[in-house]
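Here is the structure we will look at, set down as structure tokens.
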Amino acid sequence: MTTTGEDHAEAPPPGAGPWWWGRLRSAVLDVGLGVASALECGIEGVRFARDAGIPVAAGVVFGVLAGSVLVLRRRWPIAVVLVSIAVMPAQMGFLMGIVGLYTLAASELPRRIIASLAGMSFVGMLIVTFVWVRQGVASGDLTFGDWVVPFASLTTALGMTAPPLLLGLYVGARRRLMESLRERADSLERELQLLAERAEERAEWARGEERTRIAREMHDVVAHRVSLMVVHAAALQAVARKDPEKAVRNAALVGDMGRQALTELREMLGVLRSGGDRSDRVRGVVVPLAAVGVAAAAAADRERGGVGGADEGAAEGPCLSELDELIGQSAAAGMVVDLSVEGESRSYAPEVEQTAFRVVQEALTNVHKHAAGAKTHVRLAHRVSEIAMQVENEPPPEVASESSARLPSGGNGLVGMKERVVGLGGVFVSGPTDAGGFRVSAVIPAA
232 MTTTGEDHAE APPPGAGPWW WGRLRSAVLD VGLGVASALE CGIEGVRFAR DAGIPVAAGV
292 VFGVLAGSVL VLRRRWPIAV VLVSIAVMPA QMGFLMGIVG LYTLAASELP RRIIASLAGM
352 SFVGMLIVTF VWVRQGVASG DLTFGDWVVP FASLTTALGM TAPPLLLGLY VGARRRLMES
412 LRERADSLER ELQLLAERAE ERAEWARGEE RTRIAREMHD VVAHRVSLMV VHAAALQAVA
472 RKDPEKAVRN AALVGDMGRQ ALTELREMLG VLRSGGDRSD RVRGVVVPLA AVGVAAAAAA
532 DRERGGVGGA DEGAAEGPCL SELDELIGQS AAAGMVVDLS VEGESRSYAP EVEQTAFRVV
592 QEALTNVHKH AAGAKTHVRL AHRVSEIAMQ VENEPPPEVA SESSARLPSG GNGLVGMKER
652 VVGLGGVFVS GPTDAGGFRV SAVIPAA
């Protein structure tokens, strides 16, 4: 179906109008034009019947039928223009010719068809007007000179064909431009929607990554300290009666570690409670979660200075220079730890040193949990483009394993270590040894 420009002022819903019309308003307009054209042709049919010598009723019926073809202008604009050209010698169908030519020019038909029919309409109007004006001059109805015949014929033909043709071409071009802009707008809307969905996916992924990082920090910081507390509590229970002075020292250590663990938990949970839920829900960003990560890192730094110490380095994570202190804490809990360093010590990027420290820390925590009393070897190797670390414990003594406190394990320690190392492009391997112990190995690129 071919439509004109007024159909596209707004996109009509499909099936809103009867038959081939897209809207009811278009159908009413075409029916009204068809009735007006039928009345015009019916009146002009009276004169045609008298000139042709046929009954007036036949001329009127012929005119009404010919004029009513204008109702089909949207469906078959070519047929409407051809009918208007055909009835042009009978000097009828002027409204049908103008509206039909406009509809044809505004349609989506090829330009060569539009030009051909417009040319035929122009030539037909030119001939009919020439004959009519010449007859008027010959009969004496028109008293002008002979020049009026071609002038009147040409101007009338141009006036009847050029305005509707140009207007139809303009409306058709405007309609196509509007359709193109609408398609571009729809395409842009789809692209924006796709970008919004991708941004939401990235934000959700970032939130998940940040939550995972916070969970690793909380596990590494709090689980290590609580594990030492449980070990010291077990030792306190064992020596309470035999060595009161050592029991007092162990009790003091347990109290200090408990206070530190509570302080760290309050800081982390306080940040989450103050802004995490609202910002996550309203803005869709992970700034509060990042703040929790900073709080976790700050809490990690206080492992070296007690409850109120080491605030100056809170912005920095733990570094390899604190390994001696970390191993000293495990030695104070009764673990025999042997530290060996290969290569020349140097500084690395903060995330590299923090990851290396966390690997050793979590490995020692696992020894406290699962192999209390076992001798442990910590090896650190500084290489040209990487740093390697290995924590290996021997099988625990049977007496120590039976008397040691049982520490719960969530199974997240090894997973967290592997995530840290792999995230920096390193390699992580863990598993039991042939001797019955357990080994944790990691290699991290220095850059």
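Start counting the sequence shown at 232; every next residue gets the next number (our numbering).
The C-beta atom is built at its ideal place from N, Cα and C for all residues, glycine as well.
All values derive from a computational prediction rather than experimental measurement.
query	result
Outcome for Asp261 when other beta-carbon atoms lying within 10 angstroms are tallied against a minimum of 16	buried
Residue environment, Gln366, which counts as buried when at least 16 other CB atoms sit within 10 Å	exposed
Continuous alpha helix (DSSP H) stretch holding Gln424: start and end	Val379 to Met449
Cα-Cα separation between Ser632 and Gly604, rounded to whole angstroms	No answer about Ser632 holds up, because its pLDDT of 47 lies below 50 and its placement is not dependable.
Cβ-based neighbour list, Ala619, same chain, cut-off 6 Å, excluding 5 preceding and 5 following	Ala612 and Val674
Contact between the stretch 417-432 and the stretch 556-567 (3+ Cβ pairs under 8 Å)	no
The stretch 309-324 / the stretch 351-361 touching (three or more Cβ pairs under 8 Å)	yes
Beta bridge counterpart(s) of Gly662 as assigned by DSSP	Arg670
Rounded separation between Leu425 and Ile445 - CA only	30 Å
Spatial neighbours of Cys272 in its chain, beta-carbon cut-off 6 Å, leaving aside the 5 residues before and after	Gly294, Ala297, Gly298, Met323 and Gly324
Beta-carbon proximity check, Arg306 vs Thr334, cutoff 7 Å	no
Span of the beta strand (DSSP E), counted from its first residue to its last, around Glu623	Glu617 to Asn624
C-alpha gap between Thr392 and Ala404, whole angstroms	18 Å
DSSP-derived helix/strand/coil call for Asp261	helix
Between the CA atoms of Thr607 and Val479 - distance to the nearest angstrom	27 Å
Residue range of the alpha helix (DSSP H) that includes Glu650	Gly644 to Gly654
6 Å CB neighbourhood of Leu400 in its chain, flanking five on each side removed	Ala336
Distance CB(Pro627)-CB(Ala602) smaller than 7 Å	yes
Cα-Cα separation, Pro308 to Val380	31 Å
Contact under 7 Å by Cβ, Leu557 with Gln585	no
Distance between Arg472 and Pro549 (C-alpha atoms, nearest Å)	38 Å
Sub-7 Å separation of Pro320 and Val359 beta-carbons	yes
Boundaries of the beta strand (DSSP E) in which Leu554 is found, first to last residue	Where Leu554 is concerned, there is no enclosing beta strand (DSSP E), although the alpha helix (DSSP H) it sits in stretches over Leu554 to Ala563.
Among Ala434, Glu448, Val470 and Glu553, nearest to Glu498 - alpha-carbon criterion	Glu448
Environment of Gly539 [buried if 16+ CB atoms lie within 10 Å]	Its pLDDT being 38, under 50, Gly539 is placed unreliably by the model, and nothing is read from it.
DSSP state of Asp569 mapped onto helix, strand, coil	strand
Under 7 Å between C-beta atoms of Pro395 and Leu301	no
CB contact flag (Val680, Val652, <7 Å)	Outside the shown range of the chain, which is 232 to 678, sits residue 680, and nothing can be said about it.
CB of Val462 within 7 Å of CB of Ala492, strictly	no
N-terminal and C-terminal residue of the alpha helix (DSSP H) that Arg254 is part of	From DSSP, Arg254 is part of no alpha helix (DSSP H); its letter is neither H nor E.
Nearest candidate by alpha-carbon position, reference Asp555, set Glu339, Arg442, Arg610 and Trp251	Arg610
Expected contact under 8 Å - CB spacing of Ser578 and Pro676 to nearest Å	No, Ser578 and Pro676 are not in contact; Cβ-Cβ is about 15 Å, not under 8 Å.
Close-in-space but distant-in-sequence residues of the same chain around Ser384 (CB under 7 Å, 5 per side omitted)	Leu357, Thr360, Phe361 and Val364
Burial state of Ala283 (16 or more Cβ within 10 Å)	exposed
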